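The numbering used here applies: residue 7 is where the sequence shown begins, and numbers increase by one.
C-beta atoms are modelled at their ideal positions from N, C-alpha and C, and glycine is treated no differently.
The structure presented is a predicted model; accordingly, all values stated were derived computationally and were not measured.
Before any comments, here is the structure.
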Amino acid sequence: MKAIRNIIFAVLLTTLWLSTAVAQQNINLVPNPQQVEYKQGAFSLSGDISIEFHLSDTGEEAFLKEQLSKEFQQSLGKEISAKANRKIVVGVHGESNKFDRLAKTNSVSRNDQIGDEGYQLLVSKDLVLISANTKKGAFYGVQTLKQLLRTKRAEEEIPAMKITDWPDLEIRGMMDDISRGPVPTKEYMHQQIERMAEMKINMLTYYTENVVETESHPAFAPPGGALDIQEWAELADYAKKYHIDLVGNFQSFGHFDQILQHPEYAHLGESGMLLSPAFEESYELLEDIYSEMIPAFHSDYFHINSDETFDLGTGASKAMVDSLGMEVVYANHIKRIHKIITGMGKKMMMWGDIALDHPKLLELLPKDIILITWGYDIFDDYSHRIIPFKEAGFTQLVSTGILNSYSTIPDFNVARGNIGGFMEESVKQGVWGMLNTVW
């Protein structure tokens with residue numbers, strides 16, 4: 007499973023930064039940087055190398071130094087020197103006069119094009135200089151340097167170059183389904199976060215049906231196969247260190263079978279799959295769970311899923327659907343949840359498949375909901391999955407997929423085509439970001 011997921015991340019992240027990079031010659035970076043300018047010479051990785059930081063956030067300095075120290079030990083088999091003629095210098099423009107002078111001496115100036123998450127990485131004979139406009143940009147520059155140290159250890163030198171890099175999408179997200187199949191350990195989830203950060207992912211959510219253990223409703227959580235609220239909070243703290251926004255997630259409409267199979271909750275089902283909107287108790291259940299989950303996450307967002315509600319109107323809500331219509335009943339359910347979520351200070355995310363199939367919903371749903379349009383195949387045209395939400399005034403994420411719900415190993419050719427095609431159209435349409443999924 008871990009080996010497969012490692013491959014999955016590599017497939018995703020070769021396209022995620024969406025670069026227009028020049029040819030990379032013999033350097034291997036994932037994702038490819040936007041610009042690489044090669045120069046004469048190289049920075050030798052043998053001998054003594056020191057590291058110098060110029061960040062106003064001393065906590066971030068310590069964290070980045072720890073990361074580079076670990077990389078030196080693992081990739082180069084040595085410690086960082088306290089003092090050396092050759093050095094790695096990391097800084098944020100405007101936070102240190104000494105750093106600004108050094109950057110200017112090496113013809114590196116503040117670059118507004120790279121924004122808050124971009125960086126410049128200069129490699130010369132005696133200096134590796136990482137400059138950024140913010141500590142987040144400096145963090146991403148260090149992640150690139152870690153990859154260079156790792157891939158160039160055999161050659162014992164990094165070629166002289168200047169990398170200028172920034173993302174094309176504000177949100178570069180990942181969703182991992184942990185509710186159907188093996189539930190990862192906390193240690194593995196930490197490894198996921200570390201690996202994602204190296205690849206410059208900045209949003210993560212774990213698809214959650216029943217694998218959350220709450221005090222108010224402990225019965226549906228599988229023993230030994232769920233995270234309690236404290237564990238979610240600790241994971242959110244860990245992700246934040248790596249500049250990843252961990253978004254809370256709880257399936258709130260369709261795909262409710264893992265909970266409905268418990269006798270205590272079976273009566274709330276429209277069918278064996280769908281939470282019925284016909285019962286007030288359905289909303290009491292959801293509010294109980296939200297009230298425990300939401301405070302555990304730093305994120306401004308919460309994902310309620312609510313996709314593939316095929317059975318709506320086939321059970322207790324049949325009279326409602328016959329009277330009001332499917333769209334109104336669906337919208338009313340979402341609006342009830344929206345009131346709860348926003349009342350707890352979060353912005354709501356949800357899948358957009360039902361709204362895409364029933365355009366009337368675009369008039370009924372609150373406009374501050376973030377809709378996630380999805381499709382996991384290769385299409386001739388991706389715009390028809392984006393433009394309806396754009397024209398209706400919704401902020402949206404595009405969800406690509408590495409789909410292995412029904413197979414041991416995903417079809418990576420389909421995944422590459424899906425991710426590449428959807429992302430190209432997303433940039434063209436000015437989409438807020440993407441959420442790649444592993445089902």
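Could you tell me whether the Cβ atoms of glutamate 163 and phenylalanine 49 are closer together than 8 Å?
Against the sequence shown, residue 163 aligns to sequence position 157. Against the sequence shown, residue 49 aligns to sequence position 43. Yes, the Cβ-Cβ distance between glutamate 163 and phenylalanine 49 is below 8 Å.
Measure the alpha-carbon distance for alanine 160 versus leucine 154 and round it to whole angstroms.
Sequence index remark: in the sequence shown, residue 160 carries index 154 (1-based). Sequence index remark: in the sequence shown, residue 154 carries index 148 (1-based). When rounded, the distance between both Cα atoms is 11 Å.
Along the alpha helix (DSSP H) that carries alanine 203, what are the first and last residues, could you check?
Here residue 203 refers to the residue found at position 197 of the sequence shown. Unbroken alpha helix (DSSP H) run through alanine 203: 192-204.
Hey, is the stretch 295-308 in contact with the stretch 214-222, meaning 3+ C-beta pairs nearer than 8 Å?
yes
For glutamate 293, I'd like the list of residues in its chain whose CB is within less than 7 Å of its CB, leaving aside the five on either flank, ordered along the chain.
Counting from 1 along the sequence shown, the entry for residue 293 is found at position 287. Within the same chain, glutamate 293 has close Cβ partners Ile346.
Taking only the alpha-carbon atoms, compute the straight-line gap between methionine 279 and asparagine 216 and give it to the nearest angstrom.
For the purposes of this step, residue 279 is taken as residue 273 along the sequence shown, with counting starting at 1. For the purposes of this step, residue 216 is taken as residue 210 along the sequence shown, with counting starting at 1. Approximately 13 Å between the Cα atoms of the pair.
Which residue's Cα is closest to the Cα of isoleucine 55: Thr320, Ala361, Leu135 and Ser185?
Taking the first residue of the sequence shown as 1, we reach residue 55 at position 49. Comparing alpha-carbon positions, the option among Thr320, Ala361, Leu135 and Ser185 lying closest to isoleucine 55 turns out to be Leu135.
Going by other Cβ atoms of all chains shown within 10 Å of its Cβ, with 16 needed for buried, is glutamine 149 buried or exposed?
What you label residue 149 is simply residue 143 of the sequence shown in a count that begins at 1. Counting Cβ neighbours within 10 Å, glutamine 149 comes out buried, since at least 16 surround it.
According to DSSP, is aspartate 234 part of a helix, a strand, or is it coil?
By one-based count along the sequence shown, residue 234 stands at place 228. Reduced to three states, the DSSP call for aspartate 234 is strand.
If we ignore side chains and look at the alpha-carbon of each, how far apart do phenylalanine 69 and isoleucine 425 end up?
Taking the sequence shown and counting its residues from 1, one reaches residue 69 at position 63. Taking the sequence shown and counting its residues from 1, one reaches residue 425 at position 419. About 32 Å.
Please confirm if the stretch 354-371 is in contact with the stretch 304-312, defined as three or more CB-CB distances below 8 Å between the two stretches.
yes
Do the stretch 399-408 and the stretch 430-441 meet, that is, are 3 or more Cβ pairs less than 8 Å apart?
yes
Hey, out of His339, Glu43 and Leu108, whose CA is closest to alanine 166's CA?
Your numbering for residue 166 matches position 160 in the sequence shown. Ranking His339, Glu43 and Leu108 by Cα distance to alanine 166 puts Glu43 first.
Alpha carbon to alpha carbon, what distance is there between methionine 180 and serine 411?
Counted from its first residue, the sequence shown places residue 411 at position 405. Counted from its first residue, the sequence shown places residue 180 at position 174. Each residue's Cα considered, the two are about 16 Å apart.
Note down, one range per segment and in chain order, each beta strand (DSSP E) of at least 3 residues found wholly within the stretch 316-396.
Those beta strand (DSSP E) runs which fall completely within the stretch 316-396 and span 3+ residues are 353-357 and 376-380.
In this structure, does DSSP put phenylalanine 78 in helix, strand or coil?
Counting from one through the sequence shown, the residue named residue 78 turns up at place 72. Phenylalanine 78 falls in the helix class under three-state DSSP.
Compute the Euclidean distance between the alpha carbons of leucine 175 and proline 228, then round it to the nearest angstrom.
Translated into the one-based positions of the sequence shown, residue 175 becomes position 169. Translated into the one-based positions of the sequence shown, residue 228 becomes position 222. Cα to Cα, leucine 175 sits roughly 37 Å from proline 228.
Between alanine 242 and leucine 233, is the Cβ-Cβ spacing less than 8 Å?
One-based indexing of the sequence shown puts residue 242 at position 236. One-based indexing of the sequence shown puts residue 233 at position 227. In this structure, leucine 233 does not lie closer than 8 Å to alanine 242 by Cβ.
Pull up the CB-CB distance for glutamine 46 and threonine 170, whole angstroms please, since I reckon it's below 8 Å.
Sequence index remark: in the sequence shown, residue 46 carries index 40 (1-based). Sequence index remark: in the sequence shown, residue 170 carries index 164 (1-based). Actually they are not in contact, since the Cβ atoms of glutamine 46 and threonine 170 sit about 18 Å apart, beyond 8 Å.
How would you label lysine 158, buried or exposed, when you count the other beta carbons within 10 angstroms and need 16 or more for buried?
For the purposes of this step, residue 158 is identified with residue 152 of the sequence shown, where counting begins at 1. It is buried - the Cβ of lysine 158 has at least 16 other Cβ atoms within 10 Å.
So does the stretch 51-66 actually touch the stretch 87-99, counting three or more Cβ pairs closer than 8 Å?
yes
Along the chain, where does the alpha helix (DSSP H) containing serine 297 start, and where does it finish?
By one-based count along the sequence shown, residue 297 stands at place 291. Looking at the DSSP string, the run of the alpha helix (DSSP H) that includes serine 297 is 286-299.
Can you grab the Cα-Cα spacing for the pair alanine 29 / valine 36, in whole Å?
Your numbering for residue 29 matches position 23 in the sequence shown. Your numbering for residue 36 matches position 30 in the sequence shown. With a pLDDT of 43 at alanine 29, under the threshold of 50, the modelled position of this residue cannot be trusted; read the value that follows with caution. Near 13 Å, if we compare the C-alpha coordinates of valine 36 and alanine 29.
Check for me: the beta strand (DSSP E) holding valine 42 runs from which residue to which?
Working through the sequence shown from its first residue, we reach residue 42 at position 36. Run containing valine 42: 41-50, per the beta strand (DSSP E) assignment.
With a CB to CB cut of under 7 Å and the five nearest residues on each side skipped, what residues in its chain are close to glutamate 101?
The sequence position of residue 101 within the sequence shown is 95, counting from 1. Counting only Cβ-Cβ distances below 7 Å, and skipping sequence neighbours, we find His60, Leu61 and Ser62.
Taking the alpha carbon of threonine 211 as the point to measure from, which residue in Asp182, Tyr248 and Val189 has its own alpha carbon closest?
Here the question's residue 211 lines up with position 205 in the sequence shown. If we check each option's Cα against that of threonine 211, Asp182 comes out closest.
Quick one: what's got a C-beta closer than 6 Å to threonine 406's C-beta in the same chain, skipping five residues either side?
Along the sequence shown, read from residue 1 onward, the residue named residue 406 stands at position 400. Excluding positions up to five away in sequence, the list reads Asn424, Ile425, Phe428 and Asn442.
Just the C-alpha distance for alanine 225 and glutamate 237, rounded to the nearest angstrom, thanks.
Numbered from 1 along the sequence shown, position 219 holds the residue referred to as residue 225. Numbered from 1 along the sequence shown, position 231 holds the residue referred to as residue 237. Distance between the alpha carbons of alanine 225 and glutamate 237: 18 Å.
Over what stretch of residues does the beta strand (DSSP E) that includes aspartate 171 continue unbroken?
If you number the sequence shown from 1, residue 171 lands on position 165. First-last of the beta strand (DSSP E) with aspartate 171: 163-171.
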